[in-house]
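Protein chains in written order, with my numbering: chain R, 800 to 1012; chain W, 800 to 1012; chain F, 800 to 1012; chain B, 800 to 1012; chain Y, 800 to 1012; chain G, 800 to 1012; chain U, 800 to 1012; chain S, 800 to 1012.
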């Protein structure tokens, strides 16, 4: 399980030191929500020797010590564009756990027709699990879990204001879903969603591998 | 606006007296949630001379004094079968306000494919407003309002248990919806939803009539 | 349905680019809550060639491509002066959906006598729907819906502190109303209230037009 | 301050014994929410020798030891008919604290025109304080306190279901009121509202008396 | 009823203009929560010709047009020192409504012995009503209302953090009190508490005066 | 730590079998909330050979195998009479943990003068810890912890209705207390309060004993 | 996905008819929470020709049409004995989805030593996913997910009273967990937990099978 | 009981003056959450003549007037590193109440194996009471209280976001615990936890001392 450094509230020096320690020990690090300066500084420090993925969340890993690919396949879908940062957190965690990932953004229920084509593609690629991030009404995970036969992780996000805002309405709507094969993590917990999705995918991938051997 | 007699907690005699008064004064009455005995007794009393509609909610009106048809057209959709009683409340209120009504039941988001054909029919019939009743995840009104160009009244119902149960998750999800043209009433408030939908429909029908004259 | 650009948290350059794109594509744009600099800058850019309405919310549209008037008529009422910004959001959305609008400000229930004359005027002008914005006690929509025979959209606003503050008390009071013909949107959701009101008004206006033809 | 015996959950024998003790010690007793049998039994026991007031709440006092009239004047107003039992609790407590009381029932904001004439009468009679009981939207106390120059006690009642039901919406709306001269007691706390109103009225009456002497 | 200008979020120029208008129209003004600069500036502007009271809340009135003394007597008690600003709001409002006021600070239930002597003094001075401000546990108003025979207004304040913080625990504890003669206003609503207390006191004072004449 | 059998929802036979097992194994048993029949039946079965304490909660122990006295001393105080059942739970648990107990009932803050004499007695008897049970406003534990230098366990009880009812207001008020030396257990958790108080008292008693040896 | 018939509130005849229809159509049925009579009656009807599993939840399937074994392996753990009914729901659903199941009961965190041996056994048996049911403090899923490398579904149950009772504290504690590889379903939603766990297990089993072929 | 000066929101001069007064009067002072400048300034002022402990919370006491050692022994455990500041508050308070303290940091339930060795050491050192600080899932105090026979004070901390964030989930989980011998203080209330733990420890120490004499 990769460790995640939450940048806000930490000095750039502290984050850089923690990153250096992690990279030395494990060859990889995840920095959550670096500000633009820190982001640039980390790119300067590691951009040549390491692979860097993501922006809001920055995954760094040593090209010399690549994350062993597990063969797990994780899909990530968002309802809106403000859900993308949290989805990225899930993506980067899943990647660093060795999974291949595939994302589909901005296909919320207010315009449902945009959902069907990319969802079909995800299924054809054989994803082992799907993270669905949605704030506000939180309706998308219910819709997706009703359409597919793959475990779905609902990731409510803190978008939206007023009653049920900050992700509360989204979380409750997901908990109330009657679509089978749907479990949830807490609001904005992209790390938790990514680790659960990757663990599921890696279980399946491991089984594929074991049986093959 | 028709008056509604809420039966639970009232003696059958009291309800029957209130019904008699209302019928005499206005020629119509709505009895909400009569138990089977009261239901049978009211059918015995009025079944021949009056038109009776609904079961969980019983609309009674004097055939001799028909509700003047306004030409308003109200559609009512439910996500599940446990939402039907509340939808009926809206239907009976809208009927007694002179509207033609059309209902579509049990087309929730866990099986979205069942929604599209009847929704298309509703639109082809030219409904002026639509009540969408949903409990649990409350996702259906967002989906419908995203698909149609007709004012939608979200009616959350008190189905579901646990966190967000009793209609709370459904209400919050509807309030958080980003589909335009959606407003909500309180949990289980079928009377409110029906009166709002009928008022909207009657405004449109009135305009049709006025212009025609 | 017009698109709304929420300015806070976006750079002036980004907002200006989004506005330019929208204007080119649709001939109109709504900028919600621009700060004074952005406001001035947009006025400089478009003030001559376009019509600009509102301040807290800025509606911009190309004089060369006027919004086709639908003939829908929307009234907007506020309880206090701190509700005005949210009411403006509704007004600008309704205007860009082709409606004629009419506003009445600062007629809350703590001084009820101020309500009656302007409400009578609104009715005489034949509004098709009314948005009533109120924070704190949220009592005004109940009072208005009890007095008129027109669909009312309750718009709770986030004024007020302490228990029930931030619009919660206002929202709950509106949901609990027993006045018929009242539905609500979420706290501060002026865009939702405006789109619902305009959709209702346009349904009626369309009916008036159709019948006339 | 009179003592109140809350009947539900107590055996009829226990209530009767407590009543007998109170009557002997103080010459008066209040029994809250007796069921019909207990009510009848208490009427049988004391109906001839004592004065009995109210039904849902039963005030009993010894004609031989009349409550000394203080000259305080308390008005009690309810929004709906389901608020009456709680209003009665306030009335009976105020009467047993020596006040003259005057009640006005069923004048809620959904039909505001019914409020003005009886409110004017109350003021002409010179009430020293007014209890306003309202459930659901809880809007009436704000309206009343905005119209009069007399201390108002808001008494939220547990009517209404769904979000804000059980008196929560009513309480919050009253707490959020910006009408001056309004304070509240808890949901259904008719005893608290009555004791506060009577204490205020008795302060004023005492002052009238002192100054006269 | 004096008007209160809430300073935070308003420019100093706007506040000064509003103050000038109020002073011209009514001879008095209340400025709530001015920052030190605004405070100093108002003192400079009016310090010679007007009487200025309070600091966190600033009451200003024209010496040439003194508030007519009503003879009402209002006591104000606080549990802790962080409740004082809200208590001041009540004091200044009551003073501008013509009452004589008397305050007692920092006598909370964690050190109950400090309460008794000043409370006895308040009673000996014949206060007509008492505002009791308390945050955190909110226990003081219950204790005071149990000890005196004068109407008590509970004023919960937003001190305290964690569960029940921000005044919620204090408000609920006051609403749950079984001490008679206690009603409450919302959290931090010193203006509401002061206006209620002054209205009660002025009723009594008016009665004293009328009877005397 | 003694085991507690919660009787409601269990058949009398089941409770009796569980009691018999516990008595055989440990020589003691606690039955929480037996109904009158079960109570009588248990008294019949064990009344001669065992010591039975309490009524709402029934402590049974074998005279032949007495609970070894630890010398710990636990005081239990209640604010009202409806708090007594929960206080009894704490008492019986503490007794079966070997403590000497002493109770003081019905000394709530609405009549504070009744508190001081019995509290002084408790202290003179040298109690090692005090459980203070209070519902509604929950103010008593704050008052007691402010007066004594002994660890206090606040036990909120589910008395009271309306906002903050069911013990919520009491719990929050206790959590907000600024009296030092006060910790709380959950609403109605008399078993938890009793076990904490007895553990504290037994620590002290053990120290007294050890040092003596 | 097997269908579940929720028995409470349905007549025995209705349940029996629904069971018969389901058995005919799919060869299997799940009846949730039958009362003892219904339970006995179903056993009488199907006990010879069908396999019946569980008691609180009754799984029925036609021996002639066995559920095809998928090879998926699901573990179910409960913290207390009152969590067992909900765990059974998950077990029966997983079994009818073709999984082999293994349960471990009553190993909550108040006696942690009981957890380790059976958990080790579960892991040695190679479970593909684990449902952990816990009410009250809800701590067990966090502990288990911290110890194993298998996807864990937290199932909060509605045991416990007072603040955080009815499963709320358990749900929130699970959502707050920082153990990776943990997602949750709603309170008491054994069906949802079972379907998610079985879907995960079946994904892995399918992979094992595919690769083998 | 030592007094605690809460630094945020106070000017450095004010804090320094309060510290000087306290030191003169009692020989000790606690400053909660000083910023780095204030911290440095206090170290400069008192670092030579006084003993200074802690950083986030700064305990200062006059070497010339040492806190008399009571012999009480308090253990403090934290689940994570973000709980340390609150734990420090408890430590410093307990030290200034004369207790010997011992802390164990960062042994949360997501990695349970780290807990056992230091817990065993604490017990071998004979601590009289243990404060367990935990945010997020709040599971640690339940686990510890289930393993030891010493009174445990649960200290929930405001770490964690989303549903149950800010310490709410932690507090509820602790209140729901079925481990005996556990009571809680409010979220982040390190002062309350420390004073309760020290009072318990001092009771035991006092008993040890008394008996010895």
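Glycine included, each C-beta is placed from N, C-alpha and C at the ideal position. Being a predicted model, the structure only gives us computed values, none of them experimental.
Apply the 10 Å Cβ neighbour rule to residue i and answer buried if 16 or more other Cβ atoms are within range, or exposed otherwise.
i	result
residue 805 (chain G)	exposed
residue 835 (chain U)	exposed
residue 827 (chain R)	buried
residue 1013 (chain W)	Because chain W is modelled from 800 through 1012, residue 1013 (chain W) falls outside the range shown and cannot be assessed.
By alpha-carbon positions, which one of the options ends up nearest to residue i?
i	options	result
residue 897 (chain R)	R:871, R:950, R:853 and R:947	R:871
residue 869 (chain G)	G:935, G:877, G:893 and G:831	G:893
residue 993 (chain B)	Y:994, Y:982, Y:920 and Y:947	Y:982
residue 814 (chain G)	G:801, G:832 and G:824	G:832
residue 879 (chain F)	B:824, B:816, B:976 and B:956	B:976
residue 950 (chain F)	W:855, W:997, W:907 and W:986	W:997
residue 820 (chain F)	F:807, F:884 and F:803	F:803
residue 954 (chain G)	G:933, G:906, G:963 and G:859	G:933
residue 927 (chain W)	W:1006, W:810 and W:844	W:1006
residue 966 (chain G)	Y:904, Y:882 and Y:971	Y:971
residue 908 (chain R)	W:978, W:958 and W:968	W:978
residue 960 (chain U)	G:960, G:961, G:936 and G:985	G:985
residue 866 (chain F)	F:829, F:895, F:956 and F:937	F:895
List, in order along the chain, the chain F residues whose C-beta lies closer than 8 Å to that of residue i?
i	result
residue 904 (chain R)	Those do not exist, as residue 904 (chain R) stays about 18 Å from chain F at its closest Cβ, beyond 8 Å.
What does residue i reach in chain G if we use C-beta pairs closer than 7 Å?
i	result
residue 804 (chain B)	By Cβ distance, chain G contributes nothing, its closest Cβ being about 13 Å from residue 804 (chain B), past 7 Å.
Counting only Cβ pairs nearer than 9 Å, list the residues of chain W close to residue i.
i	result
residue 986 (chain U)	960, 961, 962 and 964
Chain W partners of residue i, CB-CB under 8 Å?
i	result
residue 970 (chain U)	961 and 962
residue 994 (chain F)	979 and 980
Alpha carbon to alpha carbon, how far is residue j from residue i? Give it in angstroms, no decimals.
i	j	result
residue 848 (chain U)	residue 980 (chain F)	58 Å
residue 890 (chain R)	residue 939 (chain W)	29 Å
residue 913 (chain S)	residue 915 (chain U)	15 Å
residue 859 (chain F)	residue 974 (chain Y)	50 Å
residue 810 (chain B)	residue 873 (chain S)	51 Å
residue 905 (chain R)	residue 917 (chain B)	58 Å
List the residues of chain R whose Cβ lies closer than 7 Å to the Cβ of residue i, in chain order.
i	result
residue 908 (chain W)	938, 941, 942 and 945
For a contact defined as C-beta to C-beta under 9 Å, what are the partners of residue i on chain S?
i	result
residue 814 (chain R)	Near residue 814 (chain R) there are no residues of chain S at all, since even the closest Cβ is about 15 Å away, more than 9 Å.
May I ask you to check if the CB of residue i is nearer than 7 Å to at least one heavy atom of the ligand GTP?
i	result
residue 941 (chain W)	No copy of the ligand GTP occurs in the structure displayed, which carries no ligand at all.
Output the boundary residues of the beta strand (DSSP E) element that contains residue i.
i	result
residue 878 (chain U)	Taken as a continuous stretch (DSSP letters only), residue 878 (chain U) belongs to no beta strand (DSSP E), as it is neither H nor E.
If I follow the unbroken alpha helix (DSSP H) through residue i, where does it start and stop?
i	result
residue 942 (chain S)	939-946
residue 919 (chain U)	915-923
residue 806 (chain Y)	Here residue 806 (chain Y) belongs to no alpha helix (DSSP H), and DSSP marks it neither H nor E.
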